[in-house]
Structures are given as C-alpha cells and as structure tokens.
Amino acid sequence: MSRSGSSHQAGENVPLLDGLHEQYSVHLDTFDGPMDLLLHLIKKNELDIYDISIAVITRQYLDYIKLMKDLNLEVAGEFLVMAATLLHIKSRQLLPLDDPEDAEDEEADPRAELVRRLLEYQQYKDAGTLFGARALLGREVFTRAVTEPFLAAAQNEEGPLEVSLFELVDAFRLLLARIPAETFHDVAPGDSLSIADCINEILALLQEKETIQFDDLVSDELTRERVIVTFLALLELCRLKLIRVFQGEQHGSIWFVPAVAPNLAEV
Amino acid sequence: MLSELSAIIESLVFTAESALSTDRICDLLTEYSREEIRSALAELEEYHQLRNGGFELAAVAGGWQFRTRPVFQPFVTRQIKAKSSKFSQSSLETLAIIAYRQPITRAEIEHLRGVDCGGVLKSLLEKRLVRILGKKDIPGRPLIYGTTKEFLEIFGLKDLKSLPTLKEIQALDEAPQYERQDELPLGQELLIPVESDLPFE
Amino acid sequence: MLSELSAIIESLVFTAESALSTDRICDLLTEYSREEIRSALAELEEYHQLRNGGFELAAVAGGWQFRTRPVFQPFVTRQIKAKSSKFSQSSLETLAIIAYRQPITRAEIEHLRGVDCGGVLKSLLEKRLVRILGKKDIPGRPLIYGTTKEFLEIFGLKDLKSLPTLKEIQALDEAPQYERQDELPLGQELLIPVESDLPFE
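Protein sequence lines correspond, in order, to chains U, F and D. So in numbering that gives the first Met the number 0, spot 2 of the first sequence is number 1, and the numbers just go up one at a time. So in numbering that gives the first Met the number 0, spot 42 of the second sequence is number 41, and the numbers just go up one at a time. So in numbering that gives the first Met the number 0, spot 7 of the third sequence is number 6, and the numbers just go up one at a time.
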C-alpha cells in the first residue's frame with residue numbers, strides 16, 4: 000500500500016460528494032457508530048489502515064456528519080467526539096516535530112492510537128459477523144419439542160433454581176415503577192455508602208462469625224463517613240434487636256454478637 | 000445409511016410438537032409423492048427398529064413420534080429431578096424486595112407488593128433463599144427477613160454489596176460517560192479468558 | 000449396532016431438557032465408570048456423525064444435545080416457526096466483545112465500540128445471552144459482564160475455548176482483500192474457510 004493510493008484519492012475530490020449522497024442515503028442507518036463509519040471510509044478509499052491519510056478521512060467523515068445534519072438526522076455525541084479526535088490528529092500532523100528523535104519513535108505518530116483502536120474494533124466486528132453466520136439454535140437448528148410423556152407427568156418436583164441477577168434487579172425496578180413515589184424512597188443513592196448497605200454487610204458477616212469487633216468493620220476504609228455510617232447501622236441493628244453490643248472496658252473495643260441463633264425454631 | 004427423504008422426515012418428526020401423521024407429512028413435503036413418503040417412512044421405521052438405540056420411532060395416536068425404548072425408562076426417570084425450576088414473577092419480586100430492603104417484615108413486603116406474600120415467603124424460606132433474622136421490637140414483634148448465603152451462591156455474588164443497584168440497571172437506558180474512556184488500558188493482549196475465569200462450571 | 004451403554008446414554012441425552020454434560024451423565028449412571036461412559040460417548044458421537052440422519056449429536060455448552068442438521072432448516076421451518084431472532088450488527092459486535100474480553104465493564108465495551116451500548120447490553124441481558132458477573136474492584140465498582148450458558152447453546156459452541164481466536168478472525172478479514180486485488184472469478188477455492196481449516200498456524 001502506498002502514498003500513491005491516497006494522492007489518487009485526493010484527486011477524486013470533486014465527484015466525492017456526489018458519491019456521498021448516493022452511497023450514504025442507502026447505508027445511512029447501517030453505521031454502527033464512528034468506528035464503523037471510519038472503517039467503511041478506509042475500505043471505500045482502499046487505504047492502508049496502517050497508513051491512513053488523515054486529511055482524506057477527516058474530510059469525508061465531516062462530510063458525512065454534515066449530510067446527517069442536512070437530512071435532519073440527530074448526530075449522536077460519539078460521532079462528534081470522533082470528529083474532534085480526527086481534527087486533533089490532523090492538527091498534530093501539521094506541527095513540526097521539536098525533537099528529531101521523536102520522528103523515529105513510532106508512538107509519536109499521532110495516528111497510532113486511532114489505528115490501534117480501529118484494528119481492535121475491526122476484529123470484534125468481524126467476530127460478530129462470524130457469530131451471526133453460525134447455525135443458531137431456533138433459527139437454523141432445532142431441538143426436540145416434546146418431552147417424554149411419562150416424564151412430563153412426573154416433572155412436578157423442583158430442581159435447581161434458574162434465575163439471573165438481571166431478572167432479580169429488573170423485577171425490583173419494575174415493582175418500584177409501579178408503586179407511588181411517596182410510599183417509599185430509595186436508600187441507596189449512587190456510590191456513597193448507605194446505611195442499608197452497611198446493615199447488609201454486617202448481617203452477612205454475622206452469618207459467618209459469632210462475634211465481630213467494631214474496628215474490624217471500619218479497618219479497610221477508615222474514613223469519617225464510613226465510621227459514622229457503620230455506627231448508625233449498628234444503632235439501627237440494636238434497635239431492631241438483631242444484635243447485642245458489648246464493651247469489655249471503658250474506651251475498650253466494642254464487640255457485637257447476633258441477638259438470635261441462626262436456626263430459629265419459628266422456621 | 001438413510002435416504003435423504005427419510006432423513007428429512009426424521010427431522011420433521013423430531014421437531015414436531017406432537018405425533019406427526021402421514022397425512023401431515025405429505026402436506027409439509029409437497030415436492031414428494033405420497034408413495035415416496037410412505038416408503039421412506041417404512042425405511043425409517045425399520046432403520047430405527049434395527050439400530051437398537053436409546054429411542055425408537057413409535058406409531059402412536061395416528062402419527063409418528065420418537066420415544067425412548069421402554070427398557071431404558073429406569074435410567075431416564077433418574078434425571079427427572081434435574082429439571083430446573085423457574086422463578087415465578089411473584090417469587091422474584093418478593094425476593095428482590097427482601098434482598099434490597101432487608102431487614103424487612105412481612106407486612107412491609109406486602110405493603111410494597113400490595114398482595115399477600117405468606118405462600119411466597121414460605122417457599123423462599125424452604126428454598127433457603129431467605130431466612131428469619133429475628134423479631135422486630137414493635138407491637139406484635141413481627142419476624143424480620145433477610146437473604147441467605149445460598150441466595151448469594153445462586154446469584155453468584157461475593158457479598159450483598161455486589162448486588163447491582165437500581166441506578167446501575169437504570170443507567171443502561173442512559174447515555175455513557177465519555178470522560179471515562181481515556182483512562183482505559185488499550186492494546187492490552189487479546190486473550191480468551193482462561194478456564195478458571197469462565198462464568199459457568 | 001450401538002453398545003448397551005451407548006444406547007442408555009442416548010436415551011438420557013434424548014430426554015434431557017438441555018445439553019447434558021458428561022459429569023451429569025456420570026452422576027446419573029453410577030453403575031458405570033467414568034472411563035466406560037467416556038468411551039461410550041465417543042462411540043455414540045461417531046455413530047451419529049456417520050449415520051447421516053435428520054438430527055445429530057452436538058457438543059454444546061459443555062454438554063451433549065440432539066439437534067437437527069442445519070441443511071434441513073427449510074423443511075423444519077415449514078411446521079415450526081423459526082425464531083425471528085435476527086441479531087443486529089451492534090448486538091453481535093457487543094456480544095463478541097463480551098465473549099472475548101469477559102469479565103468486562105460497560106465503559107470498556109463502549110470504548111472498544113466507540114458508541115453507547117446501554118440499550119444493546121440491556122437487550123442481551125433480557126435475552127439471557129449476557130449476565131452480570133458482579134462488580135469490579137475499582138473506584139465506582141462498575142458492573143462486570145460475561146456470557147451465559149444460553150449464549151453457548153444458541154450459538155452452538157462447545158465452550159468459550161472453541162471460539163475462533165481473534166488472530167484467526169483477523170486472517171479472515173485479510174482474505175477478501177487478496178481476492179479483490181487479483182480480480183479472480185469467485186470460485187470454490189476462494190471461499191473463506193470457516194472453523195476447521197484456517198490458512199495459518
């Protein structure tokens with residue numbers, strides 16, 4: 000692959016836009032993001048992916064975005080991010096290198112990062128195509144539909160549970176969507192540590208250990224927030240009579256134990 | 000070796016919802032004559048009789064069906080218990096409430112779901128997914144429920160802290176955060192994960 | 000003619016709800032040694048390969064399952080509706096990234112694809128092709144994703160190790176280029192090789 004390829008492309012400047020309309024009006028919604036579009040432009044221009052002409056690609060890429068806007072299509076944010084990346088690379092190529100040694104350093108090529116990403120993306124895109132070309136269960140191949148009549152009659156007994164974590168969370172999400180907001184407020188906001196989380200943590204620990212020391216609970220993460228939240232969680236657990244708290248001496252370690260034996264008669 | 004038509008008929012009988020009649024097979028395979036289909040069926044029947052496999056082609060209820068040979072029933076019935084049970088929506092909902100809002104009482108669960116949960120709760124206790132944590136210090140001293148170690152195992156969770164929050168699931172419907180992208184390691188070796196990391200046994 | 004043990008195993012695989020693993024077969028047939036079972040399975044596999052019937056014994060998702068041969072799809076779909084599960088390019092791409100890079104976060108997937116993946120991820124979770132593996136031990140504790148057993152079943156993969164390596168995939172991509180340059184007429188020798196015989200080490 001050579002430079003002549005790209006200069007040849009540069010010469011095709013004028014008919015390019017005509018082609019654009021024709022080509023993209025067909026393919027417009029098939030580009031799965033900026034990487035997909037870039038790969039398409041590289042292929043279409045028969046460019047060597049290791050030696051992309053940023054000038055050609057950037058111009059065509061921006062033409063495409065302009066076309067999307069002309070057609071009143073919403074240009075997704077990621078397309079604009081990539082446009083900025085391309086322009087940035089282009090501007091860096093125009094700047095002379097201060098240090099001549101940089102010229103030998105491959106990483107100094109501003110395109111290197113983009114090329115690496117494109118190559119990686121292409122692998123997964125191709126892998127996806129391969130996946131789609133397989134004989135899929137329920138599409139090309141099928142299993143037996145009938146269960147053995149005498150088995151069907153006996154299959155009342157329940158075996159191992161089959162449910163995914165996503166289904167669990169989704170069930171909760173749908174439930175919350177159903178009930179009015181004031182009934183109930185979410186106690187687990189974002190990343191910050193909630194008392195509910197902390198209670199769960201302590202309860203889980205108490206399943207494994209007979210006694211726990213307060214210091215053990217906060218030793219991993221000794222922050223003001225952590226200590227306060229842990230303390231509030233302990234108070235709540237005391238209030239619920241789920242734990243009992245002990246202190247050996249004044250200012251000594253605080254210990255706590257479960258208030259009930261794990262195997263309750265009521266079960 | 001089976002003829003092509005016999006193999007086609009075999010695939011039809013194998014995937015049919017119920018016993019497949021000769022008439023129905025003829026309707027499905029209009030490019031073959033009734034005579035051809037009859038003789039292919041005869042061939043198929045004889046083939047399965049002679050091959051002495053684990054299942055055979057049985058003529059039942061005016062149609063054809065593959066069934067295990069009766070002599071193997073004692074073996075086949077051994078796997079009945081292996082049938083996995085799916086969660087009902089009400090079990091799943093109740094379990095989710097307990098997981099996210101523990102410690103919680105039955106009255107609180109029922110308030111959220113708006114229906115009686117006694118039966119569901121009992122079955123969750125029997126399945127050891129939920130346990131009684133103690134009694135709440137309010138009039139009536141109701142029982143308080145929480146999840147078990149088995150619950151964590153079934154969902155493959157390290158601890159309760161690893162439960163995805165609602166926000167995280169809702170975030171799937173939201174736009175991504177682009178700032179984060181640059182911090183990711185790139186060009187790291189592309190390897191298929193080693194066996195120990197695989198998400199199933 | 001099949002050995003008795005092969006026939007017994009055949010009846011078990013035939014009646015199982017989903018792919019039956021060798022381990023599970025050993026559990027069900029305690030009167031036979033693992034060695035005996037292994038060799039009977041090998042016999043059964045070869046037998047079904049050679050018999051050229053309407054269905055075959057497939058090694059999928061770490062187990063064994065009878066499935067119709069893909070060539071009979073046009074006939075089978077005359078009586079049962081094929082799932083219209085036509086995967087979009089973005090679903091397949093995202094699935095591929097997760098399959099090869101698991102455990103992986105949403106931000107990492109989006110970095111590789113350069114595009115928001117929330118919706119795609121959610122639909123893959125709903126289809127049970129992808130699951131939440133837990134949370135990553137980095138600031139923010141993002142959720143990490145991996146593929147499921149259903150993914151292997153639907154895509155007919157024995158296990159994750161049987162995925163073609165990315166290197167093999169890259170080689171496939173170079174093949175059409177070669178084709179284009181020489182402007183050869185499309186003949187049989189130019190078909191892109193799939194799975195078994197790839198043109199490199």
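Ideal placement from N, C-alpha and C gives every residue a C-beta, glycine not left out.
Item, Value
"Residues within the stretch 90 to 122 of chain D neighbouring chain B, beta-carbon criterion of under 7 angstroms", "This model lacks chain B altogether, as its protein chains are U, F and D."
"Alpha helix (DSSP H) segment containing A132 (chain U), residue limits", "111 to 132"
"Buried/exposed call for H87 (chain U), threshold 16 Cβ in 10 Å", "exposed"
"Contacts of V59 (chain D) in chain F (Cβ-Cβ under 8 angstroms)", "Simply none; closest approach about 13 angstroms."
"Selected residue, minimal CA-CA separation from T67 (chain D), among F:R130, F:E9, F:G155", "F:E9"
"Given C25 (chain D) as reference, the closest of D:A39, D:F13, D:S17, D:T14 once Cα atoms are compared", "D:A39"
"C-beta contact flag for L171 (chain F) and L162 (chain F) at 8 angstroms", "no"
"Contacts that Q206 (chain U) makes with chain F (C-beta to C-beta distance below 8 angstroms)", "T147, K148"
"Interface partners of L86 (chain U) on chain D, CB under 7 angstroms", "Going along chain D, no residue has its Cβ under 7 angstroms from L86 (chain U), so there is no contact; the nearest lies around 16 angstroms."
"Where the alpha helix (DSSP H) containing V80 (chain U) begins and where it ends", "76 to 93"
"Proximity winner among F:K148, F:D115, F:P138, relative to I131 (chain F) (alpha-carbon distances)", "F:K148"
"Collapsed DSSP secondary structure at T146 (chain D) in the structure displayed", "strand"
"Candidates D:L151, D:E167, D:I168, of which the one nearest G62 (chain D) by Cα", "D:L151"
"Candidates U:A170, U:E119, U:V140: closest to K166 (chain D) by CA position", "U:E119"
"Under 7 angstroms by beta carbon: chain D residues contacting R110 (chain U)", "Residues of chain D passing the Cβ test: none, with the nearest at roughly 16 angstroms."
"Test item: CB-CB of L54 (chain D) and F13 (chain F) under 8 angstroms", "The sequence as given places Phe at residue 54 (chain D); Leu does not occur at that position. A contact, by the Cβ cut-off of 8 angstroms."
"Cα-Cα separation between E178 (chain D) and E166 (chain U), rounded to whole angstroms", "Its pLDDT being 40, under 50, E178 (chain D) is placed unreliably in this model, and the coordinates cannot settle the point."
"C-alpha gap between R37 (chain F) and T21 (chain F), whole angstroms", "8 angstroms"
"Residues in the stretch 110 to 139 of chain U having any Cβ partner in chain D nearer than 9 angstroms", "R116, L118, E119, Y120, Q121, Q122, Y123, K124, D125, A126, G127, T128, L129, F130, G131, A132, R133, A134, L135, L136, G137, R138, E139"
"Segments of 3+ residues assigned as beta strand (DSSP E) that fall wholly inside the stretch 95 to 132 of chain D", "none"
"Neighbour flag for E173 (chain F) against chain D, beta carbons, 8 angstroms", "yes"
"Contact with chain F by G53 (chain D), beta-carbon distance below 8 angstroms", "yes"
"Within chain F, the residues that G62 (chain D) reaches when beta carbons sit closer than 7 angstroms", "In chain order: nothing, as chain F lies at least about 11 angstroms away."
"Expected contact under 8 angstroms - CB spacing of V244 (chain U) and T229 (chain U) to nearest Å", "Actually they do not touch by this definition, with Cβ atoms about 13 angstroms apart."
"Any chain D beta carbon closer than 8 angstroms to R177 (chain U)", "no"
"Assigned secondary structure, K65 (chain U) (DSSP; H/G/I helix, E/B strand, else coil)", "helix"
"I143 (chain F): contacting residues in chain U (beta-carbon distance under 8 angstroms)", "L239, L241"
"Spatially closest choice to Q121 (chain U) from U:M67, U:N71, U:I48, U:A232, by CA coordinates", "U:I48"
"Proximal residues of chain U, C-beta to C-beta of A15 (chain F) below 8 angstroms", "A144, V145"
"Assigned exposure category for G32 (chain U) - 16 Cβ within 10 Å defines buried", "buried"
"Per-residue DSSP class, three states only, for L70 (chain U)", "coil"
"Pick from F:T104, F:E30, F:L91 that is closest to D136 (chain F), judged by C-alpha positions", "F:T104"
"Rounded Cβ spacing between L4 (chain D) and Y31 (chain D) (contact assumed at less than 8 angstroms)", "6 angstroms"
"Stretch pair the stretch 170 to 178 of chain U + the stretch 104 to 113 of chain D: three plus CB contacts closer than 8 angstroms", "no"
"Buried or exposed by the 16-neighbour rule on C-beta atoms within 10 Å, applied to M81 (chain U)", "buried"
"Amino acids of chain D, ordered along the chain, whose beta-carbon sits closer than 7 angstroms to that of M81 (chain U)", "G113"
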